[in-house]
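Visitor: FYI, the numbering for the sequence shown is 1 to 266, going by the UniProt record's numbering.
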Amino acid sequence: MAPSSLPSGQPGGRPNVPTGNPNGGAVGRPSARPAGEPNATVLVVEDEPAIATAIAQRLTAEGWRVEVARDGLSGVDAALRLRPDAVVLDVMLPGIDGLEVTRRIQAEHPLPILMLTARDDETDMIIGLGVGADDYMTKPFSMRELVARLKALLRRVDRAAQVASSPVAQPPLEVGDVTIDQAQRRVYRAGEEVHLTPTEFELLVMLASSPKTVLTREKLLAEVWDWADASGTRTVDSHIKALRRKLGADLIRTVHGVGYAFEPNA
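1) Tell me the DSSP secondary structure of residue 59 in three-state form.
2) Alpha carbons only, please: which of 192, 223, 256, 216 is nearest the one belonging to residue 248?
3) Assign residue 217 to buried or exposed, taking buried as 16 or more other Cβ atoms, counted over all protein chains shown, within 10 Å of its Cβ.
4) For residue 246 and residue 55, what's the separation of their Cα atoms in angstroms?
5) Relative to the C-alpha of residue 112, which residue among 214, 243, 42 is closest?
6) Between which two residues does the alpha helix (DSSP H) holding residue 223 run?
7) Around the Cβ of residue 149, are there at least 16 other Cβ atoms within 10 angstroms (buried) or fewer (exposed)?
8) Can you tell me whether residue 115 is helix, strand or coil according to DSSP?
9) Which residue or residues does DSSP assign as beta-bridge partners of residue 174?
10) Verify whether the separation of the beta carbon atoms of residue 53 and residue 68 is less than 9 Å.
11) How about residue 114 and residue 153: are their beta carbons less than 9 Å apart?
12) Counting pairs of Cβ atoms below 8 Å between the segment 98 to 105 and the segment 124 to 133, do you hit three or more?
13) Once you ignore the five residues that flank residue 93 on each side, which residues in its own chain have a CB closer than 6 Å to its CB?
14) As a quick exercise: from 196, 225, 222, pick the residue whose alpha carbon is nearest that of residue 244.
15) State the DSSP-derived secondary structure class of residue 45, mapped to helix, strand or coil.
16) How far does the alpha helix (DSSP H) with residue 206 in it extend, from its first residue to its last?
17) Tell me which residues share the same chain as residue 226 and place their Cβ nearer than 7 Å to its Cβ, disregarding the 5 neighbours each side in the sequence.
18) How about residue 86 and residue 65: are their beta carbons less than 9 Å apart?
19) What is the residue span of the alpha helix (DSSP H) that residue 244 lies within?
20) Inspect the beta-carbon positions of residue 129 and residue 178 and report whether they are closer than 9 Å.
21) Which same chain residues, not among the five before or five after residue 202, have their C-beta less than 7 Å away from its C-beta?
22) In this structure, does DSSP put residue 96 in helix, strand or coil?
23) What would DSSP say about residue 108, mapped onto helix, strand or coil?
24) Given residue 88, which residues of its chain have a CB within under 6 Å of its CB, disregarding the five upstream and five downstream residues?
25) Using only alpha-carbon positions, find the residue among 126, 137, 108 that is nearest to residue 116.
26) Under the rule that 16 or more other beta-carbon atoms within 10 Å means buried, what is residue 142, buried or exposed?
27) Please identify the residue among 58, 259, 50 whose C-alpha is closest to the C-alpha of residue 147.
28) Looking at the unbroken beta strand (DSSP E) that takes in residue 89, where does it start and where does it end?
29) Identify, in the order they occur along the chain, each residue of the same chain with its Cβ nearer than 7 Å to the Cβ of residue 207, setting aside the five sequence neighbours on each side.
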């Protein structure tokens, strides 16, 4: 992996490499400092030692337990063994790549996955979202944004768990030929189930709850991702494209320069 793929923020693009275990396994115990997501476990699947240890040190400082895997097969094994709260997954890995890792994990035990890619290629991003990743970041990236994205991802997962365990059942949301079972977090179009990631599900609920209403990218980013930085609006665009691939291109209308509107079939 080229040096240019290292996290940004250090002279020459190289992070300070902390002590730890870049060869895999636990890197550190959670700090005693209170964290927004106490006792969360994050699996980092990254083959570049400098990047892996830099991420692990920062996440450990946030109060999380971190495990590191150095190749695709080890990443799958660790994910299914540990069942972490979230996975930070590089696309380019020895053995099997991050896309195949995602497919195997999501087929066995679905987990929240934040994908890292060194290529700023939207096609790759859409494929990653299509196989089950919840979010993605391109390298080089800032550790601050990585932490913010992970915290937002964990909050979305927590919200989903709270809804699923709520004694008050939410009625299905039916808009045109789309049915959204919010209690079971299942989506159907014309009676056929469509499998969505947690992030795609929340994005669809947000759009379908206000049919024919234009929602700005900034609003979607703030409500679904808990992320207010306008630089993340491309994330919204990529998730919309992933939704269109799964549900059909006719359901979501683009309002150029503004955002998107859900246009259900009559």
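The C-beta atom is built at its ideal place from N, Cα and C for all residues, glycine as well. Being a predicted model, the structure only gives us computed values, none of them experimental.
Guide: In brief:
1) helix
2) 192
3) buried
4) 32 Å
5) 42
6) 217 to 225
7) buried
8) strand
9) 179
10) yes
11) yes
12) yes
13) 47, 71, 72
14) 196
15) strand
16) 198 to 208
17) 152, 155
18) no
19) 233 to 247
20) no
21) 156, 224
22) coil
23) helix
24) 44, 114
25) 137
26) exposed
27) 58
28) 86 to 90
29) 215, 252, 260, 262
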